[in-house]
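Student:
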Amino acid sequence: MMKKLLLVLGILMFAACSANAYSMPRWSAFPVTVYLPDNPESVIVKSAFENWKNNSKSIARFIYKKSNVARTTSNINVIFYDKLPDGKAYDVSEIYSGRYINSSKPIKGMFFHVDINIALHDADGKAYSRQELMAISLQAVGRAIGVPCQAGDVGVMVCDEKYNVYSVTKEDYQALFRVYKRVNKSEMEKYKNP
């Protein structure tokens, strides 16, 4: 009897973890506050936030802060590093709440806080160009607002580590829309793939 109970509990736990692995949390409301340190690379990251804002049909909106107090109270912190320990271009660490629902549906989590850690040099020590930093920042911002990596050939959120897309695409907007679903159907029809 105990083995059957443990088996059932194990299956339920696996199903809940699987549902959580294929869903992403999101922000409960926009605008969110963003802490940007006072350095030259912050201008590039701010333009990435603005690119998401301008291409999201007003779904995503941001308020920028630069004070040290803002670093402790903002929703999103941007932090620059010479290199990240794992050699990646960026890392997004988030704190979010989630609630359990039927494991066949996605977890409806809400972000509390997100840190975007951006490397200024690649794993070999070569400095990223301004264009590469823009592409990296666009993808990092997308992840920080809840857009998961997408399959396909085109888009900022195609997480292939090539970082060669420099503006939010129609496919990225569709992914953002799927997360937030604030645009009416007639508006969404404009962005469907042929």
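Residue numbers (mature numbering (1 follows the signal peptide of the UniProt record, and there is no 0)): -21 to -1, 1 to 173.
In this text, a Cβ means the ideal position worked out from N, Cα and C, and glycines have one as well.
Source: prediction; values computed, not measured.
Return the CA-CA distance between W32 and G66, expressed in angstroms with no decimal places.
Tutor: Per the sequence shown, residue 32 should be read as Lys rather than Trp. So the alpha carbons of these two residues sit roughly 29 Å apart.
Student: Taking the alpha carbon of H92 as the reference point, which residue from L155, T52, L15 has its own alpha carbon closest?
Tutor: Ranking L155, T52, L15 by Cα distance to H92 puts T52 first.
Student: Can you find the residues in the same chain that come closer than 6 Å, C-beta to C-beta, to A8, ignoring five residues on each side of it along the sequence?
Tutor: So no residue of the chain qualifies.
Student: With a threshold of 8 Å, are at least 3 pairs of Cβ atoms found where one atom belongs to the segment 14 to 28 and the other to the segment 46 to 60?
Tutor: Because the criterion of three Cβ pairs below 8 Å is met, the segment 14 to 28 and the segment 46 to 60 touch.
Student: How would you call R122, buried or exposed, if buried means at least 16 neighbouring beta carbons within 10 angstroms?
Tutor: Buried, by the Cβ-count rule.
Student: So what's R40 in DSSP terms, helix, strand or just coil?
Tutor: R40 falls in the coil class under three-state DSSP.
Student: According to DSSP, E73 sits in a beta bridge with which residue or residues?
Tutor: The partner list for E73 (beta bridge, DSSP) reads V93.
Student: Thinking just about the alpha-carbon of each residue, which of N30, N18, E20 is nearest to the one in V144?
Tutor: Ranking N30, N18, E20 by Cα distance to V144 puts N30 first.
Student: Classify T52 as helix, strand or coil using the three-state DSSP reduction.
Tutor: In the structure shown, T52 sits in a helix (DSSP, three-state: H, G or I).
Student: In the DSSP assignment, find the beta strand (DSSP E) that holds V13 and state where it starts and stops.
Tutor: Residues 11 to 14.
Student: So the candidates are S26, F90, A130; which of them puts its Cα closest to the Cα of M113?
Tutor: Looking at the Cα atoms, S26 is the closest of the given residues.
Student: Which residues in the same chain have their Cβ closer than 6 Å to the Cβ of T148, if we skip the five residues on either side of it in sequence?
Tutor: Within the same chain, T148 has close Cβ partners V133, G134.
Student: What do you get for N125, buried or exposed, if any count of 16 or more other CB atoms within 10 angstroms of its CB means buried?
Tutor: Reading the sequence as shown, one finds Gly at residue 125 and not Asn. Under this definition G125 is a buried residue.
Student: Would you kindly check if the distance between the Cβ of C128 and the Cβ of V137 is under 9 Å?
Tutor: Yes, Cβ-Cβ distance for V137 and C128 is below 9 Å.
Student: Grab the span of the alpha helix (DSSP H) containing Y152 for me, first residue to last.
Tutor: Unbroken alpha helix (DSSP H) run through Y152: 149 to 159.
Student: For the candidate residues P4, W6, F28, E20, whose alpha-carbon lies nearest to that of H100?
Tutor: If we check each option's Cα against that of H100, E20 comes out closest.
Student: Rounded to whole angstroms, what's the CA-CA distance from A98 to A106? Just pull it up for me.
Tutor: Going from the Cα of A98 to the Cα of A106 covers about 9 Å.
Student: In three-state terms, what does DSSP make of I23?
Tutor: Three-state DSSP puts I23 in a helix.
Student: State buried or exposed for Q118, treating a residue as buried only when at least 16 other CB atoms are found within 10 Å of its CB.
Tutor: Per the 10 Å Cβ criterion, buried.
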